[in-house]
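Worksheet for the structure shown next.
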DNA sequence: GCTTGCCCTGACGTGAGCGTCAAGGTCTAC
DNA sequence: GTAGACCTTGACGCTCACGTCAGGGCAAGC
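Chains as they are written, first to last, in our numbering: chain A, 7 to 142; chain B, 7 to 142.
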């Protein structure tokens, strides 16, 4: 089942521009028809779907490389290779690090918000003009 | 205490380029000496410190605007104004949304990792060549 | 006068993942 | 033969917060 770039794009729910970009990044390749048109098959569709699935859970295109390589090496799933497992672990570590940073930030922002609200509720003066002037 | 851009930069632990950028974004302003040099005072240092503090907890430069405006309006702290409180709340919501997405991703990646490992440990064939061939 | 060190503006580069022209070739149907 | 739908490459645009030149002015010490 030979597809042209537009066919593959609509099958995968992606743009042709994205497909050409993946090719420029070495993630996918294409046969060429005599007229220069790119030609793809189901294996390519699988690759693109793998890329999409990984992207949707936070993988960058570069992160998907081991999975793509694994599939292209003939494995049934992109994560049947040790490199893919490693990539999962690294991503998990990245996410955990990110979660840690975000949680810390959340706490700081929540704290600042609470204090600011408290000051507001207490009617604290927000400008340091002299008190005697204010009472005049 | 008049400072030139290099002085303010080293006081704030920032680059002169960053200061000029803040100015280009309308966050800070500077007096000009007759020779064209920018001149700053302690109030400007406060502004920059506020910007830095907010940046460090995840605020974009644009997000810091209400705080900067609040300080410039004469308030003692950048978060003495209602707009700043709003900004805190929006940021908190952003962070929570981000935390939600990240947690979901974490779960998905962890799940995929676990399954992939299980397949590996179970010695599942990773390529679908015919079984008879494999047993030959 | 010359070096040194500060300052100025303007403008391009960075990274990610494409979007969006521009200018053209190809194939099919009418 | 021509309209329309597809394809090609190339190149700039976008976000963000600056980094990093390039090319030049200003001020002080020797």
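All C-beta atoms in this analysis are idealised placements derived from N, C-alpha and C, irrespective of residue type, glycine included.
Three-state secondary structure assigned by DSSP to residue i
i: residue 10 (chain B); result: coil
i: residue 37 (chain B); result: strand
i: residue 16 (chain B); result: helix
i: residue 43 (chain B); result: coil
i: residue 87 (chain A); result: coil
i: residue 114 (chain A); result: helix
i: residue 92 (chain B); result: helix
i: residue 79 (chain A); result: coil
i: residue 128 (chain B); result: coil
i: residue 63 (chain A); result: coil
i: residue 70 (chain A); result: helix
i: residue 106 (chain A); result: helix
Burial state of residue i, where buried means 16 or more other Cβ atoms lie within 10 Å
i: residue 84 (chain A); result: buried
i: residue 54 (chain B); result: buried
i: residue 7 (chain A); result: exposed
i: residue 106 (chain A); result: exposed
i: residue 87 (chain A); result: buried
i: residue 43 (chain A); result: exposed
i: residue 112 (chain B); result: buried
i: residue 50 (chain B); result: buried
i: residue 90 (chain B); result: buried
i: residue 18 (chain B); result: buried
i: residue 103 (chain A); result: exposed
i: residue 36 (chain A); result: buried
i: residue 122 (chain B); result: buried
Beta-carbon contacts of residue i that lie in its chain and below 7 Å, excluding the five residues immediately before and after
i: residue 32 (chain B); result: none
i: residue 48 (chain A); result: 7
Chain-order list of residues whose beta-carbon lies under 8 Å from that of residue i (same chain, five-residue window excluded)
i: residue 12 (chain B); result: 22
i: residue 56 (chain A); result: 70, 73, 74, 77, 84
i: residue 140 (chain B); result: With a pLDDT of only 47 at residue 140 (chain B), under 50, the local geometry of the prediction cannot be trusted, and the value read off the model is given with reservation. So the qualifying residues of the chain are 131.
i: residue 79 (chain A); result: 87
i: residue 60 (chain B); result: 69, 70, 73, 84
Residues that residue i contacts on chain A, provided the C-beta gap is smaller than 8 Å
i: residue 94 (chain B); result: 115, 118, 119, 122
Listed by chain order, chain B residues near residue i by CB distance under 7 Å
i: residue 101 (chain A); result: 108, 111, 112, 115
i: residue 35 (chain A); result: Within 7 Å Cβ-Cβ: nothing; residue 35 (chain A) doesn't reach chain B, min ~20 Å.
Closer than 8 Å at the beta carbon, the chain B residues around residue i
i: residue 91 (chain A); result: 119, 122, 123, 126
i: residue 105 (chain A); result: 105, 108, 109, 112
Residues near residue i in its chain [Cβ-Cβ closer than 6 Å; skip 5 each side]
i: residue 9 (chain A); result: 46
Any non-hydrogen atom of the ligand COA within 6 Å of residue i CB
i: residue 125 (chain B); result: The model on display carries no ligand, and the ligand COA is accordingly not part of it.
Contacts that residue i makes with chain B (C-beta to C-beta distance below 9 Å)
i: residue 98 (chain A); result: 112, 115, 116, 119
- Task: Mind checking the segment 109–120 of chain B against chain A and listing, in chain order, the residues whose C-beta falls within less than 8 Å of any C-beta there?
- Result: 109, 111, 112, 114, 115, 116, 118, 119
- Message: For the segment 10–22 of chain B, list every residue whose C-beta sits within 8 Å of some C-beta in chain A, in sequence order.
- Response: none
- Contact set between the segment 63–89 of chain B and chain A, restricted to residues whose Cβ is under 7 Å from the partner: 63, 64, 80, 81, 82, 85, 86
- Query: At a Cβ cut of 8 Å, what residues of the segment 38–54 of chain A count as close to chain B, listed as they run along the chain?
  - Reply: none
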